[in-house]
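Going down the list, the sequences are from chains A, B, C and D. First residue of the first sequence? That's 40 in the numbering used here, and the numbers climb one at a time after it. First residue of the second sequence? That's 97 in the numbering used here, and the numbers climb one at a time after it. First residue of the third sequence? That's 399 in the numbering used here, and the numbers climb one at a time after it. First residue of the fourth sequence? That's 13 in the numbering used here, and the numbers climb one at a time after it. Note that CB positions come from ideal geometry on N, CA and C, so glycine has one too. Shown next, in structure tokens, is the structure this report addresses.
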Amino acid sequence: MLRFFVKRALLAVLTLFAISVTVFVLFFMGPADPAASMCGSKACTMAQHEQIVKSLELDKSPVTQYASYMRGVFVGREIGSDSLKIKCEAPCLGVNFRTYEPVKDIIGRTLPITFSIVLGAAVVYVLFGTALGMISAIWRGSIFDRLAAGTALTFASTQIFFLGSLILLIFVYKTGWLPRPQYISPSTDFFGWIGGMLTPWIALGLINSASYSRFSRAQMIETLGEDYIRTARAKGLGMRAVYFRHALRAAITPIVTIAGIDIGGQLGGVAITETTFSLPGMGKTALGAVVSQNLPIVMAVVLFGAVFIVLSNVIVDMLYAVIDPRVKLGSSGR
Amino acid sequence: MTANESPYLEVADLQVRFRTEDGLVQAVNGVSFSVERGKTLGIVGESGSGKSVTSLSIMGLHNPKSTTMKGSIKVGGKELIGLSQDQLRKLRGRDVSMIFQDPLTALHPFYTIGRQIVEAYRIHHPDASKAVAKKRAIEMLDRVGIPQPDRRFKQYPHEFSGGMRQRAMIAMSLVNDPNLLIADEPTTALDVTVQAQILDLLEDLQREFNSAVILITHDLGVVSQVADDVLVMYGGRVAEFGTVEQIMRSAQHPYTWGLLASMPSLHGDPDAELLPIKGNPPSLLNIPSGCVFHPRCAYAMLKGGPCDVEVPELLPLRFADEPGHTVACHLPERERNRTYQEDIASVGVAQ
Amino acid sequence: MSEPNPRGTEPADSAADSAAVGVLDVAASEEGAKAPKAIEGRSPGQLAWMRLRRDRTARGSIWVLGFFIVIAILAPLIEKVYGLGPTVNSPDLLDRSGLPLGYFGGIDFTTNNASNHIHILGVMPGTGWDIFMQFVYGARTSLIVAALATLLSVVIGVVIGIVAGYLGGWIDQALTWFIDYMLAFPFVLMAIAIIPIVNTYLADSSGYVPPAERMATIIVVFSLFGWMSTARLVRGQVISLREREYVDAARAAGAGRGHIMFKQILPNLWAPILVTFSLSLPATVTAEAALSFLGIGVQQPTPDWGRMINDSLSYMQTDWMYLVIPGFSIWALVLAFNLFGDATRDALDPKSSR
Amino acid sequence: MRKTVKALAFGALAVGVALSAACTKNTGDSGTNKQAEAQKFIVDYKGETVTPAPEIEGAKSGGTMTVVQEADFEHLDPSQIYVSNALNYSQLFYRTLTTYIETGKEGDPTKLVGDLATNAGETTDGGKTWKYTLRDGLKYEDGSPILSKDIAYTVSRAFGPLGAQGPQFIQAALDANYGKDGGYTGPTADKPYAPGISTPDDKTIIFSFATPHLEVPYLVAFPTTAPIPAAKDTKEKYEREFVSSGPYKRKEYVAGTKLVLEKNPNWDPKTDPLRHQYVDQWVFDMTADPKAQTDRLTAATGPDAAAVMMDNVPPNSIPTVKGNAELMKRVFTGPNQYVYYLNINTTRVTDVDVRRALNYALDRDAYIKALGGPDVADPATTIQSPVLPSYKKFDVYPSLPDGHGDVEKAKKLLEGKTVPKLTFCTSNTTANQNVAAVLVESFKRAGFEITPKFIERSAYYTTIGVKGVDCDLMSSAWGQDYPDSNSVLGVLMDGTKIVAEGNNNYSYFNESTINDKLKTLREMQDRGAAAALYGDLDEQIMKDFAPVVPLRYGRNFTIAGPNVGGTFLNQYSQFNATSSYVKS
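As structure tokens, this is what we get:
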């Protein structure tokens with residue numbers, strides 16, 4: 040078990056290091072001159088340009104900038120020129136090029152928003168999608184099955200920005216049945232939080248539950264054909280026990296894997312959903328940062344995204360070993 | 097043998113049809129037989145002969161939507177055909193239970209062996225506490241010859257060897273002392289040495305629980321070792337029925353001859369030619385007319401003869417020394433005895 | 399996804415008459431008996447094609463795809479017949495605040511309007527461009543980007559998958575790590591970061607990037623981030639195929655590694671490859687539209703459905719017809735691809751019955 | 013002036029009501045906007061402005077005012093504020109040496125008066141030294157007094173990196189070698205004050221310049237002179253921990269999400285000629301894009317009843333708003349300070365007739381419609397904006413009555429001339445893409461072959477600001493920094509200010525006669541007289557040289573809640589915060 044963790048941890052560190060280098064390389068390969076766009080809508084004068092560049096240490100070579108960034112992450116560092124020293128303790132993710140606001144605080148307020156959207160929607164589409172899939176597998180060929188398959192396909196083919204906007208138009212602004220999408224921290228007002236998150240949850244939930252129901256239906260049909268289901272019936276178990284205690288238990292494993300990887304991938308920021316519902320999560324913030332070449336924010340969001348993806352892979356592997364006794368940790372090389 | 101009791105299982109003129117996209121599959125049409133408690137009936141036949149369908153019909157495990165069943169199945173005097181799924185459910189595992197060919201796929205991969213046996217027990221003893229059920233399960237595991245049953249109790253199917261898994265399967269099916277145990281090719285997936293152990297185990301358990309056993313196999317060797325009576329099935333119909341001696345020594349149906357001739361025998365002449373039956377099992381979508389075996393029967397009387405026109409009835413022999421040997425074949429009895437002596441007696445396992 | 403069972407040998411004596419009686423294979427029917435039709439051997443491909451033709455939904459989706467492909471190919475011809483280009487200003491068709499006059503966003507089958515030309519799907523608010531022509535050329539953009547990007551990513555995926563799966567050892571380890579590394583990147587952010595970089599290199603001295611090259615950039619970015627799932631699937635397949643006897647036989651016959659990989663193993667992979675191809679097409683169409691939604695996809699003056707949706711969303715209240723046309727066409731194209739993908743997967747792998 | 017008035021925000025997700033309404037036939041409404049006339053302007057050098065500020069009739073105290081905006085303020089550090097929304101709302105917590113007083117009523121002049129100072133500034137040597145004396149009883153939110161050394165400290169601080177993103181006018185004027193090596197870069201132990209600043213006593217501060225600067229009263233109205241107590245200067249954190257000198261102080265500030273202001277007990281109305289303290293609390297909600305702002309203000313439920321929008325209604329939602337008569341009662345429209353130009357690179361397109369032909373060939377009707385119609389923009393014919401005091405209305409290149417330009421005249425001007433292919437640079441936004449396509453098509457009618465070139469939005473102004481940039485035509489927008497044409501014609505048309513990088517004169521127009529005229533106007537003592545001459549200069553430039561094709565004047569179209577009183581759209585195109593109150 041330990042060997043498994045050590046190996047995965049080392050691989051993860053290597054991946055994160057490679058990603059951080061790639062983001063830096065991409066930034067400096069491009070037409071990177073963030074200082075140029077920081078003088079209001081006017082072109083920066085030479086003096087202004089100089090001062091901004093020096094205050095953000097952009098005058099140094101990319102390698103030294105990367106070294107100081109990494110030193111900052113582990114040890115903390117001081118940013119800026121002699122006349123303006125910004126202290127930034129470990130783990131220092133740099134400062135917003137424009138407002139010198141520590142990137143830590145920016146992540147601090149955008150992370151909960153993305154988490155609320157992604158995890159909330161995940162609960163909707165994993166539960167609803169899987170249940171829909173299971174039921175249509177059990178009633179295979181019935182009208183319910185055909186109807187469910189039809190709607191699933193219809194929603195699976197829509198795009199979030201199209202469906203999201205329609206839901207906004209009809210249910211939020213026209214009829215007012217749904218409250219306006221906004222982020223209210225659950226600690227202060229739990230129901231406000233749920234209300235604010237309903238529209239993104241429903242939109243994401245509908246689209247993803249379509250694919251989950253199609254996937255879980257196929258899994259369930261395959262499981263129902265297994266021999267141990269026939270044994271369970273031969274033991275005299277009722278149909279409900281056969282479906283839920285035996286069939287579901289076996290069919291759930293691949294669903295957990297797919298859900299784990301899906302959610303891991305989205306925790307780094309769902310830029311398009313956030314833009315559709317104008318929720319300032321990590322994705323939307325990073326989008327703005329890339330356009331305005333705000334390197335530290337882009338770097339932080341991409342790294343957080345990568346950490347979530349790598350973590351979710353490890354967690355999925357561990358969950359797999361817990362759910363499926365046949366799998367032993369470390370031997371499950373994909 | 098306690099002949100006076102009425103037979104525990106009585107199947108009369110059983111017909112099973114499945115509706116599929118490609119047409120109506122007549123898996124079983126007109127099968128009748130019976131099994132007394134303490135006796136073992138061997139059902140023999142190639143794949144597609146309807147032997148597994150028959151056993152599953154007894155358990156009522158067919159998909160009700162696409163299956164139509166006619167005729168009668170009586171277990172312990174109670175008619176099964178027509179019972180609701182719920183009523184059938186109470187029988188399964190308690191009065192009638194079943195073990196399958198490949199125990200690895202037949203046991204749930206994610207639950208421990210112990211838990212699956214406990215579950216089988218508590219279905220029919222809902223008031224039994226977990227401890228009682230656990231003790232009963234460990235007892236059964238020990239009874240079927242699994243070493244350190246309490247440690248094995250907590251292990252998963254994939255941690256058992258092939259033979260051990262089949263023993264666990266048997267333990268699970270006998271935990272409620274059923275009166276009838278159906279074993280659908282229990283040893284096919286096992287190698288020969290383990291096969292013998294399992295068959296001995298079945299015999300001991302049958303004697304101990306005095307239950308009726310149906311052993312489904314395509315292997316005549318297994319039948320001759322364990323079964324009391326033998327039912328030969330072909331194309332969804334009964335070809336021949338009789339005691340083990342009658343079938344092994346004086347088989348009447350050309351299909352049974354074919355089976356005997358294609359089995360090597362230990363004490364026979366090793367380099368004697370084996371005579372396989374030519375052709376393939378019939379398609380159950382369009383059953384051949386008349387006797388279902390006639391296309392492959394070397395002795396079929398075709399030109400004007402009844403074989404490809406009339407369906408032969410299952411009739412008892414007139415000249416046999418003991419009663420009970422029935423066969424469905426148009427060939428005259430005397431000619432059959434003669435052909436048996438000339439062609440079959442010297443070949444294969446019949447020697 | 400369930401592993402499609404390899405086409406190899408069926409276990410000889412599987413209990414054919416088990417409970418769920420599968421479809422009996424016609425080829426095995428009695429030759430002596432009055433068999434309905436002569437039996438000829440059919441390759442898996444023909445079998446799959448036969449199943450595909452019989453599948454009603456597959457036929458429907460093929461018709462829809464065909465419609466879109468024909469429109470995309472014949473776009474210039476349609477323009478000549480229709481007589482109007484996609485970017486012809488006609489401000490007089492708009493009212494003072496730029497909204498199309500007339501019903502349903504300016505749909506007009508007669509020619510008695512300011513531009514004296516028919517507009518069968520209306521005109522775009524603001525610019526007065528003809529929506530039907532934008533729809534026709536938009537189909538061309540979506541299909542080209544989707545088809546090329548998916549093709550490229552599947553090819554890359556297959557090659558890397560085979561190399562990783564067959565060679566094994568440290569190469570497999572390295573490639574698997576590389577796949578995980580690439581999967582850890584958030585696609586949307588990377589697309590936005592990379593596209594300007596590639597454009598600056600493509601741009602001529604005055605920074606101008608012709609539309610064709612902009613589209614090429616997007617196709618390259620999609621394939622850079624699309625190949626990983628195919629690679630992983632193919633690798634899994636190759637690992638299982640590697641143990642097969644015919645591979646050992648080929649090696650014994652002295653075949654080189656390249657030959658084995660691409661002549662022996664590859665032909666057995668076309669089923670999963672075709673499935674991933676037909677399933678990732680809709681995903682690419684959606685992603686391309688999303689890029690345009692964020693304003694970094696295909697630029698003016700190349701017509702593009704994604705960008706049309708982005709514009710039309712802001713006219714949703716005042717001219718909702720403008721939203722219906724691109725929104726519906728993308729949805730129909732993606733649905734058709736999805737149906738076709740499902741049908742091919744079912745035809746190639748009947749075990750996972752519908 | 014930072015262009016945050018998003019007059020043409022096509023990208024916003026417009027969602028609204030009229031699904032069914034769209035089936036009716038759209039016949040197009042008629043009617044045109046009344047043209048804005050020039051405002052009158054008064055500078056109070058003698059300090060006659062009365063304090064406290066006269067009461068707003070009907071004003072009630074109490075209640076909470078909400079401002080709905082798309083994102084957080086770019087900056088709230090006084091040295092960095094350069095954006096119109098921050099300039100407007102920072103008046104609630106920052107007082108500056110001088111400030112502007114507007115009443116919002118037709119015909120009332122805008123006044124430049126002393127705020128912290130008793131008057132708009134005293135100069136005895138023609139503008140080379142300016143003396144400001146502070147009013148009595150000026151206090152920070154913590155009760156400590158505001159002294160002249162605080163003002164000196166903040167102005168000096170703006171020379172350093174913390175002022176790099178703000179306006180640079182005072183710094184460039186005070187420091188002879190600003191921008192060169194020896195330049196002053198912020199207060200140090202030995203040089204606490206920037207060159208030219210002295211504080212003889214706690215009440216007076218004196219600015220002395222090498223050359224006369226008559227625009228100093230305008231320059232010290234920028235927040236660059238808003239006092240910062242040196243002891244509490246937390247440098248880069250000051251953006252979020254600012255100390256108030258105005259009627260409201262910071263109660264809660266969650267960056268990127270919400271800013272709440274509450275009453276500042278230590279603000280004395282008797283020392284303030286401009287501000288009021290009617291409202292109990294100001295809430296700035298920073299998570300609503302223009303579309304969401306429009307829908308919230310349309311519904312105006314709950315706290316939104318006393319709310320105002322910071323952005324304009326997106327163009328394509330305007331027809332829906334106009335369809336709602338009751339809503340129109342609380343819609344505020346009017347010209348804003350921005351003019352949009354198509355700059356012609358006079359170093360590359362040297363033939364003035366070609367430049368005149370471009371002016372004639374412009375299809376103004378198609379251009380305005382592409383942007384969203386007359387509620388969003390008026391066609392422009394001058395370089396100066398109508399809201400400038402020195403605006404003079406003229407149209408040197410009149411279009412035919414149908415508004416599609418005069419293609420015949422353009423062709424006549426181009427006869428016998430081979431017109432080269434022109435490249436047209438514009439910033440890469442979805443709105444600009446549509447507009448560029450419309451412009452290219454409209455010039456094509458006169459035979460011009462123009463290829464649009466989209467440059468990444470964030471680096472656009474820096475790219476076209478480089479001398480010798482590879483663009484024939486460049487789109488740009490400009491708004492005055494202060495209501496004097498020295499900050500418009502003085503910047504856009506002054507050839508002497510062209511440098512290697514960072515130019516704002518994007519037509520690179522360098523005509524000696526015009527440069528001299530601008531110099532004399534700059535040094536005229538009487539700004540009112542100068543205003544009239546600037547108007548004639550504007551017409552002369554367009555007639556003789558046509559260095560630009562004026563495209564449009566920006567217009568505002570924004571909504572306030574039903575319970576908002578005492579407000580109007582001021583020179584920053586924002587709702588005037590200092591006079592607002594909550595009605596119910």
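Contact check for V157 (chain A) against Q305 (chain A) passes: the beta carbons are separated by less than 7 Å.
For K421 (chain D), the enclosing alpha helix (DSSP H) starts and ends at V419 to L426. Neighbours of G277 (chain A) in chain B, taken as residues at a C-beta separation under 7 Å, are given in chain order as R185. Here Y351 (chain B) is not near S145 (chain B), since their CB atoms are 7 Å or more apart. Cβ-Cβ separation between A373 (chain D) and A458 (chain D): approximately 4 Å, consistent with a contact (criterion under 8 Å). With contacts defined by Cβ atoms closer than 7 Å, Y290 (chain D) and A65 (chain D) do not form a contacting pair. Of all C-beta pairs linking the segment 218–235 of chain B to the segment 306–323 of chain B, fewer than three are shorter than 8 Å, placing the two stretches out of contact. Collapsing the DSSP output to three states places M77 (chain D) in a strand. For Y330 (chain B), no alpha helix (DSSP H) encloses it; the enclosing beta strand (DSSP E) starts and ends at D325 to Y330. The contact set of G189 (chain B) on chain A, defined by CB atoms closer than 9 Å, consists of A273, K274, G275 and L276 in chain order. Residue range G119 to V131 is occupied by the beta strand (DSSP E) that includes F129 (chain B), with no alpha helix (DSSP H) assigned at that position.
In summary, the residues of the segment 174–202 of chain D whose CB is separated from some CB of chain A by less than 7 Å are L174, A176, Q177, Q180, Y190, G191, G195, T197 and G198, in the order they occur in the chain. Here L370 (chain B) carries a coil assignment [DSSP, helix/strand/coil]. The Cβ atoms of P377 (chain B) and P384 (chain B) lie no closer than 7 Å to each other. Taking each of D:S257, D:N440, D:T345 and D:L370 in turn and checking the Cα distance to P386 (chain D), the smallest one comes out for D:T345. In this chain, D414 (chain D) is not harboured by any alpha helix (DSSP H), its DSSP state being neither H nor E. In this structure, the beta-carbon distance from A537 (chain C) to F466 (chain C) falls below 7 Å. Residues of chain D with a Cβ closer than 7 Å to the Cβ of T525 (chain C) are, in chain order, A382, N446, A449 and V450.
Within the segment 448–531 of chain D, the complete beta strand (DSSP E) segments at least 3 residues long are 462–467 and 485–491, listed from N- to C-terminus. For K226 (chain B), there is no enclosing beta strand (DSSP E); the enclosing alpha helix (DSSP H) covers residues K226 to R239. Contact between the segment 131–139 of chain B and the segment 359–375 of chain B is absent: fewer than three C-beta pairs spanning the two stretches fall below 8 Å. For W294 (chain D), the beta-bridge partners assigned by DSSP are D:M77 and D:L273. With 16 or more other Cβ atoms inside 10 Å of its own Cβ, A279 (chain B) counts as buried. A:G133 is the residue among A:D98, A:D121 and A:G133 whose C-alpha sits nearest the C-alpha of V114 (chain A).
It is roughly 14 Å from the alpha-carbon of M486 (chain D) to the alpha-carbon of N371 (chain D). Put simply, of D:T394, D:P224 and D:Y57 the residue whose alpha carbon is nearest the alpha carbon of L124 (chain D) is D:Y57.
Contact annotation: in the segment 352–380 of chain D, residues whose CB is within less than 9 Å of a CB in chain C are D375, D377, A378, Y379 and I380. Cβ neighbours of M448 (chain C) within its own chain (closer than 6 Å, five residues either side excluded): none. Taking C-beta atoms as the reference points, K595 (chain D) and G577 (chain D) count as a pair closer than 7 Å. Minimum Cα-Cα distance from P401 (chain D) among the listed residues D:L104, D:L99 and D:D120 corresponds to D:D120.
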